[in-house]
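Student: With the UniProt record's numbering as the guide, the letters of the sequence shown map in order to residues 1 to 247.
Glycine is no exception: its CB is placed at the ideal position from the N, C-alpha and C atoms.
Dumping the structure here so I can ask a few things about it.
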Amino acid sequence: MDDASITSLKADFIRTQVRQLDTLLEPSTQWRDLLPAAPGDEGQLSDKTIADLVGKVNDKIRQHNRLLFSAQSQRHVAEQIESLHWNLVSGELEHAEADTVVVRRDAELTDAQVIQALPEEYEDLTLNLHPHREELQDQAERYSQLREELVDLSRKRDALKRRLAQHQELRRLVEPLDEPQRNVQPNLVTRDGELSQELDRMRVLMARVTGRVSEMGNSRGDMQVLQETETASLTDQQKLARVMGLG
Numbered sequence: 001m002d003d004a005s006i007t008s009l010k011a012d013f014i015r016t017q018v019r020q021l022d023t024l025l026e027p028s029t030q031w032r033d034l035l036p037a038a039p040g041d042e043g044q045l046s047d048k049t050i051a052d053l054v055g056k057v058n059d060k061i062r063q064h065n066r067l068l069f070s071a072q073s074q075r076h077v078a079e080q081i082e083s084l085h086w087n088l089v090s091g092e093l094e095h096a097e098a099d100t101v102v103v104r105r106d107a108e109l110t111d112a113q114v115i116q117a118l119p120e121e122y123e124d125l126t127l128n129l130h131p132h133r134e135e136l137q138d139q140a141e142r143y144s145q146l147r148e149e150l151v152d153l154s155r156k157r158d159a160l161k162r163r164l165a166q167h168q169e170l171r172r173l174v175e176p177l178d179e180p181q182r183n184v185q186p187n188l189v190t191r192d193g194e195l196s197q198e199l200d201r202m203r204v205l206m207a208r209v210t211g212r213v214s215e216m217g218n219s220r221g222d223m224q225v226l227q228e229t230e231t232a233s234l235t236d237q238q239k240l241a242r243v244m245g246l247g
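This is the structure in structure tokens:
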């Protein structure tokens with residue numbers, strides 16, 4: 001993030017120092033007591049003269065600061081400081097061991113994959129440039145502790161993400177219940193309700209269908225009886241002719 005970059009931090013520091021330089025000068029309230037005594041009024045300076053003189057000095061100071069410490073100049077100095085810093089870091093990296101594991105300065109430590117990729121041992125992370133490696137023991141213990149906490153937090157976050165996904169799915173399923181008057185009430189069997197009216201229409205339709213089926217069954221039964229009666233009254237010769245298709 002730019003707000004946390006070296007350039008931004010140094011620029012803020014420089015601006016703070018420049019504002020201190022812009023502080024207006026004020027004459028001491030006891031300046032007259034510090035002057036050597038002069039006979040009569042000879043050589044005495046009035047308060048107005050001193051105020052005018054101090055005002056002119058303050059104007060010169062402000063002009064000087066605006067000329068030398070402009071916003072562009074402050075930014076330029078801050079960028080040079082950051083450039084020198086990273087040049088020093090790059091020089092150390094060039095002298096590091098070839099198989100050394102180094103975490104990039106722009107690594108996103110909130111990413112689960114980056115967290116899992118962090119080396120378990122501090123010795124695999126350092127550049128081995130420290131002349132007294134035993135002094136790094138405290139740093140190694142601190143690194144191991146922080147890494148374990150980071151891995152644990154990453155796992156908890158993943159679990160929370162899964163729970164959130166489940167809750168969002170449940171929320172999607174129960175969304176129709178948010179407006180019961182429109183989404184639930186029509187599906188309840190109540191007096192004069194939509195579902196009740198639909199059931200009444202289904203009952204009427206079922207009654208009609210049942211009646212039609214019964215009528216069709218009776219009609220078929222009468223035809224079958226009629227055919228059997230006609231067949232019984234035929235002679236054997238007529239039955240044979242009907243079977244052969246001659247009758």
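Could you give the distance in angstroms between the alpha-carbon of Y122 and the alpha-carbon of Y143?
Tutor: About 6 Å.
Student: Whole-angstrom Cβ separation of A11 and Q72, contact assumed at under 8 Å?
Tutor: Wrong, their Cβ atoms sit about 11 Å apart, outside the cutoff.
Student: What number of angstroms, rounded off, separates the C-alpha of E79 from the C-alpha of L164?
Tutor: Looking at the two C-alpha atoms, the distance is approximately 43 Å.
Student: What separation, rounded to the nearest whole angstrom, lies between the Cα atoms of F69 and R155?
Tutor: Roughly 49 Å between the two C-alpha positions.
Student: DSSP three-state call for Q30: helix, strand or coil?
Tutor: Here Q30 sits in coil by DSSP.
Student: Could you tell me the distance, in whole angstroms, from the CA atom of A159 to the CA atom of L109?
Tutor: Each residue's Cα considered, the two are about 18 Å apart.
Student: Could you tell me the boundaries of the alpha helix (DSSP H) in which R107 lies?
Tutor: The amino acid occupying residue 107 in the given sequence is Ala; Arg does not appear at that position. From DSSP, A107 is part of no alpha helix (DSSP H); its letter is neither H nor E.
Student: Cβ of L25 within 8 Å of Cβ of N65?
Tutor: The answer is no: Cβ separation not under 8 Å.
Student: Tell me which same chain residues have a C-beta within less than 6 Å of the C-beta of T7, skipping the five on either side of it?
Tutor: Excluding sequence neighbours, T7 sits near A78, E79 and E82.
Student: With DSSP as the reference, label P119 as helix, strand or coil.
Tutor: If DSSP states are grouped into helix, strand and coil, P119 belongs with coil.
Student: Give the DSSP-derived three-state secondary structure of E179 in the structure shown.
Tutor: Three-state result, E179: coil.
Student: Between the C-alpha atoms of I50 and S28, what's the straight-line distance to the nearest angstrom?
Tutor: Going from the Cα of I50 to the Cα of S28 covers about 11 Å.
Student: Roughly how many angstroms lie between the CA atoms of L53 and D22, to the nearest whole one?
Tutor: The straight-line gap from Cα to Cα measures roughly 17 Å.
Student: If I115 sits next to V151, beta carbons under 8 Å apart, how far is it from one beta carbon to the other, in whole angstroms?
Tutor: Yes, I115 and V151 are in contact; Cβ-Cβ is about 6 Å, under 8 Å.
Student: Considering only their Cβ atoms, is the gap separating L118 from R157 smaller than 8 Å?
Tutor: No, Cβ-Cβ distance for R157 and L118 is not below 8 Å.
Student: Hey, out of D178, E141, D111 and R171, whose CA is closest to residue 252's CA?
Tutor: Limits of the chain in this structure are 1 at one end and 247 at the other, which puts residue 252 out of reach.
Student: State the DSSP-derived secondary structure class of F69, mapped to helix, strand or coil.
Tutor: If DSSP states are grouped into helix, strand and coil, F69 belongs with coil.
Student: Between G211, S5, D200 and S214, which has its C-alpha nearest W86's C-alpha?
Tutor: Taking only the C-alpha atoms, the option nearest W86 is S5.
Student: On the DSSP letters alone, give me the boundaries of the alpha helix (DSSP H) that S154 sits inside.
Tutor: It spans Q137 to V174 - the alpha helix (DSSP H) in which S154 sits, taken as one unbroken run.
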